[in-house]
Amino acid sequence: VGWENSILKIFKWIIILAGLGFLGWKALVFLFPSDEIRIRKKLNRLESLVSYTPNTSPLVHLAAAGGILEMFTQNAELNIQTDSSTWNIHGRNEIKTSVLSSRQQERSGMQVSITDPVFEFEKRGSISTLATVTAKWESNPDTMVRILEFKWVKGERNQWLISSIETRKDLEWGNKM
């Protein structure tokens, strides 16, 4: 009977240590997320900042533009193509101007979703992310779907910043590889 009690105590301590180990691992992941998790959070934030509802106040637009700018390097480049137009934007000032003017022109609202990110960790300390970006305007029944490549670099305060966004025409549906 004495040895059975000892085995139960040992088993109890093993369970407690395993539980503490699991909690420690979860705390470590929460406090020090991987680069992939940090970039996924940045993409979610970008998605929420770019989307807006009809009749949004100008101050909210200005705050969103400021939040968007914080996600880019000083000399970021955007080369985005749609069926009807092409945007070649260079630097934070042009990004801010483009964001504010597009929101001024399209007041009825826009919903953007960034899904299916695929990460490629490059040797130079940068990360490339391919993602499907879907944009739907309230005033237009058409939905724009594009595969965009986001290039990320570590900026000030060890934060991942977007250095470029480019449409990947070679990966669109219907194109031969």
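Note that the numbering used here gives residue 4 to position 9 of the sequence shown, counting from 1, and the numbers run on in steps of one.
Yeah, the Cβ is synthetic: ideal placement off N, Cα and C, and Gly gets one too.
Per the coordinates, the alpha-carbon of Gln154 lies some 10 Å from the alpha-carbon of Thr68. When secondary structure is reduced to three states using DSSP, Lys131 falls in the strand class. A straight-line Cα-Cα distance of about 16 Å links Phe25 and Lys37. Contact between the region 138 to 153 and the region 69 to 85 is present: three or more C-beta pairs spanning the two stretches fall below 8 Å.
The beta carbon of Glu115 lies closer than 6 Å to those of Ser123 in the same chain, with the five residues before and after it left out. In the three-state DSSP reduction, Arg35 falls in the helix class (H, G or I). If the five residues before and after Ala60 are omitted, its C-beta is found closer than 6 Å to the C-beta atoms of Lys91, Val94, Leu95, all from its own chain and listed in chain order.
For Thr48, no alpha helix (DSSP H) segment is defined, and its DSSP state is neither H nor E. In this model, Lys131 and Tyr47 are separated by some 11 Å (Cα to Cα).
Membership of Thr92 in the alpha helix (DSSP H) is indicated by the continuous run 86 to 100.
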